[in-house]
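**Q**
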Amino acid sequence: MPSILITGASGFIGSFIVEEALAQGFEVWAAVRSTSSRQYLTDARIRFITLSLGDEAALRREVADHVAAHGPWQYVVHAAGATKCLSKADFFRTNTEGTERLARVLTESGALKGRMVFISSLSVMGAPHEGSKQAITERDTPHPNTAYGRSKLEAEQRLAAIAGLDYVVLRPTGVYGPRERDYFLMAKSICRHIDTSVGLRPQRLTFIYVLDLVQAVFLALTRGERGDVFHLSDGRDYNQRAYSDLLQKALGVRGVWHLRLPLWVLRVACFAGETMAHVTHKPSTLNNDKYHIMKQRNWRCDISHAESVLGYRPRYTLALGVSESVAWYKKAQWL
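Reading the sequence shown from the start, the letters are residues 3 to 337 in this note's numbering.
1) So, with DSSP's three-state summary, where would you put T9?
2) Rounded to a whole number of angstroms, what is the C-alpha to C-alpha distance between H68 and R238?
3) Sort E102, L320 and D168 by Cα distance to A252 and report the nearest one.
4) Measure the alpha-carbon distance for R262 versus R203 and round it to whole angstroms.
5) DSSP three-state call for L24: helix, strand or coil?
6) From R206 to Y293, what distance separates their C-alpha atoms?
7) Can at least three beta-carbon pairs, one atom from the segment 171-179 and one from the segment 113-123, be found at a separation below 8 Å?
8) Buried or exposed: where does E158 fall if 16 or more other Cβ atoms within 10 Å of its Cβ makes it buried?
9) I need the straight-line Cα distance from V267 to G201, nearest angstrom please.
10) In this structure, does DSSP put Y169 in helix, strand or coil?
11) Could you check what DSSP says for I196 in three-state terms: helix, strand or coil?
12) How big is the Cα-Cα spacing for V231 and M127?
13) Using DSSP's beta-bridge definition, name the partner residues of A32.
14) Should V65 and M118 be called a contact, given that it needs their Cβ atoms to be closer than 8 Å?
15) Using three-state DSSP, classify N300 as helix, strand or coil.
16) Would a C-beta distance cut-off of 8 Å place T101 and D304 closer than the cut-off?
17) Select from G10, W75 and E156 the residue whose C-alpha is nearest the C-alpha of A33.
18) Which residue comes first and which comes last in the beta strand (DSSP E) that contains H260?
19) Quick test of the definition: if touching needs 3 or more C-beta pairs under 8 Å, does the segment 178-196 touch the segment 323-333?
20) Going by CA-CA distance only, name the one from P74, R152 and F50 that's closest to R95.
21) Give every residue of the same chain whose Cβ lies closer than 8 Å to the Cβ of A279, excluding the five residues on either side of it in the sequence, and list them in chain order.
22) Which whole-angstrom value describes the C-beta separation of V255 and I192, a residue pair presumed to lie in contact below a C-beta threshold of 8 Å?
23) Under a Cβ-count criterion, where at least 16 other Cβ atoms within 10 Å of its own Cβ denotes burial, should S36 be classed as buried or exposed?
24) Do the segment 43-57 and the segment 239-246 make contact, defined as three or more Cβ pairs closer than 8 Å?
25) Can you check which of these residues, R183, S235, V258 and A59, is closest to L104 by C-alpha distance?
26) Just the Cα atoms here: how many angstroms apart are T44 and K90?
27) Hey, K115 and P74: beta-carbon distance below 8 Å or not?
28) Do you know how far the Cα of A274 is from the Cα of L30?
29) At 3 residues or longer, what runs of the beta strand (DSSP E) sit wholly inside the segment 100-125?
30) What is the rounded straight-line gap between the Cα of M3 and the Cα of H72?
31) Give me the Cβ distance between V170 and F18, rounded to the nearest whole Å; I'm assuming they're in contact under 8 Å.
32) Name, in chain order, the residues that DSSP records as bridge partners for F2.
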């Protein structure tokens, strides 16, 4: 069995990658922190490893010990990363420096025989086409307007500078599905008969169901050239009511109050959330990055490169994905 290392394995996306790797017959190594929940990592075939991505000396020891005992990995999927942080510097320590450190140590130690798939984000593109109806492509110049997006873009650039590293980059748009908590907050709000959106101008949004992203991950292990970048969505774009309307239908909720707020209200809420985060030392969902992401009016995403090179074919429409997510929320007793 080819061996695969999956970082961020205990997370929303990482746990689904682990399940697919097991289904495909890989020898699966799940990199998790000692404090991470293993709620979705209960299969006895999973082999666990702790990797100190913030400490190069420790990481080199951990990787060397693994190679001595088990040999190198055939593939690595780097799904670990920070989406909410107390400071901008934290994003770069985790998403940029941690990614570079892992890739460099794996390459220099001979711990990776094949390819590394790095899960980046469409956020690296920023808002260069705010007033355009054109979809964002890989040929467009990135202009990240969030600390998260800048940290992911710089990670991509540092991977390109590592000699001998075979890697590809996936840039998914908003990923939703079972186990994910930010989109779940919308479902909770719908259950309270409230749907809130921000911005008075029309907005075009894109989505990708988690299992479609997982499909792309495994296609990218063996397809594409070194340094290839792929934008990923379900191939469609939606107005700002589409997701909440589908949630309302799947939940069977009637009489929802659709509240549309001006952007300045979001700005105030995000400022308050970020201020409170520094007081409590806990990152907030509402923060400066979230403001820039939610105010962007155009998230159209061209996936033709992924379709032609990877053979990627989205299997989940938004309607199907939302229905599957709601069914899981109920089964898991989140609702």
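Glycine is no exception: its CB is placed at the ideal position from the N, C-alpha and C atoms.
Just so you know, these numbers come straight off a predicted model, no measurement behind them.
**A** Looking at the atomic coordinates:
1) Stepping through the sequence shown from its first residue, residue 9 is reached at position 7. It is a strand residue.
2) Along the sequence shown, read from residue 1 onward, the residue named residue 68 stands at position 66. Along the sequence shown, read from residue 1 onward, the residue named residue 238 stands at position 236. Spanning the two alpha carbons is a distance of roughly 43 Å.
3) As a position in the sequence shown, residue 252 is number 250, starting the count at 1. With distances taken between Cα atoms, A252 lies closest to L320.
4) Your numbering for residue 262 matches position 260 in the sequence shown. Your numbering for residue 203 matches position 201 in the sequence shown. Straight-line Cα distance between these residues: approximately 10 Å.
5) As a working mapping, residue 24 is identified with position 22 in the sequence shown. L24 falls in the helix class under three-state DSSP.
6) The residue labelled residue 206 in the question sits at position 204 within the sequence shown. The residue labelled residue 293 in the question sits at position 291 within the sequence shown. Computed Cα separation, rounded: 16 Å.
7) The segment 171-179 vs the segment 113-123: in contact.
8) Along the sequence shown, one-based indexing puts residue 158 at 156. The residue is buried, with at least 16 neighbouring Cβ atoms inside 10 Å.
9) Counted from its first residue, the sequence shown places residue 267 at position 265. Counted from its first residue, the sequence shown places residue 201 at position 199. Each residue's alpha carbon lies about 9 Å from the other.
10) In the sequence shown, counting from the first residue as 1, residue 169 sits at position 167. The answer is strand: DSSP assigns Y169 an E or B state.
11) Within the sequence shown, numbered from 1, the residue matching residue 196 stands at position 194. Correct three-state label for I196: strand.
12) For the purposes of this step, residue 231 is identified with residue 229 of the sequence shown, where counting begins at 1. For the purposes of this step, residue 127 is identified with residue 125 of the sequence shown, where counting begins at 1. If I take the Cα positions, the gap works out to 12 Å.
13) On the sequence shown, position 30 is the one that residue 32 refers to. According to DSSP, A32 bridges with I8 and F50.
14) As a position in the sequence shown, residue 65 is number 63, starting the count at 1. As a position in the sequence shown, residue 118 is number 116, starting the count at 1. Against a cut-off of 8 Å, the Cβ pair of M118 and V65 comes out as no contact.
15) In the sequence shown, the residue the question calls residue 300 occupies position 298. In the structure shown, the three-state DSSP call for N300 is strand.
16) Along the sequence shown, one-based indexing puts residue 101 at 99. Along the sequence shown, one-based indexing puts residue 304 at 302. It is not a contact, given that the beta carbons lie outside the stated cut-off.
17) The residue you call residue 33 lines up with position 31 of the sequence shown. Looking at the Cα atoms, G10 is the closest of the given residues.
18) For the purposes of this step, residue 260 is identified with residue 258 of the sequence shown, where counting begins at 1. Run containing H260: W259 to L263, per the beta strand (DSSP E) assignment.
19) With contact defined as three or more Cβ pairs closer than 8 Å, the segment 178-196 and the segment 323-333 are in contact.
20) Residue numbering aside, residue 95 sits at position 93 when the sequence shown is read from its first letter. Out of P74, R152 and F50, R152 has the C-alpha closest to the C-alpha of R95.
21) The sequence position of residue 279 within the sequence shown is 277, counting from 1. Cβ neighbours of A279 beyond the five flanking positions: L88, P285, S286 and N289.
22) Reading the sequence shown from its first residue, position 253 is the one you call residue 255. Reading the sequence shown from its first residue, position 190 is the one you call residue 192. Contact between V255 and I192 holds, since their C-beta atoms are separated by about 5 Å, short of 8 Å.
23) In the sequence shown, the residue the question calls residue 36 occupies position 34. Exposed.
24) They do not touch, by the three-pair rule.
25) What you label residue 104 is simply residue 102 of the sequence shown in a count that begins at 1. Closest by alpha carbon: A59.
26) To locate residue 44, count along the sequence shown from 1; it is residue 42. To locate residue 90, count along the sequence shown from 1; it is residue 88. Cα to Cα, T44 sits roughly 34 Å from K90.
27) Here residue 115 refers to the residue found at position 113 of the sequence shown. Here residue 74 refers to the residue found at position 72 of the sequence shown. Yes, the Cβ-Cβ distance between K115 and P74 is below 8 Å.
28) Stepping through the sequence shown from its first residue, residue 30 is reached at position 28. Stepping through the sequence shown from its first residue, residue 274 is reached at position 272. The displayed chain sequence assigns Val, not Leu, to residue 30. Cα-Cα distance, rounded: 42 Å.
29) 117-121
30) To locate residue 3, count along the sequence shown from 1; it is residue 1. To locate residue 72, count along the sequence shown from 1; it is residue 70. Linking M3 to H72 through their CA atoms gives a straight-line distance of about 13 Å.
31) Along the sequence shown, one-based indexing puts residue 170 at 168. Along the sequence shown, one-based indexing puts residue 18 at 16. Going by Cβ atoms, the distance from V170 to F18 rounds to 19 Å, so no, they are not a contact pair.
32) In this structure the chain extends from 3 to 337, so residue 2 is not present and cannot be described.
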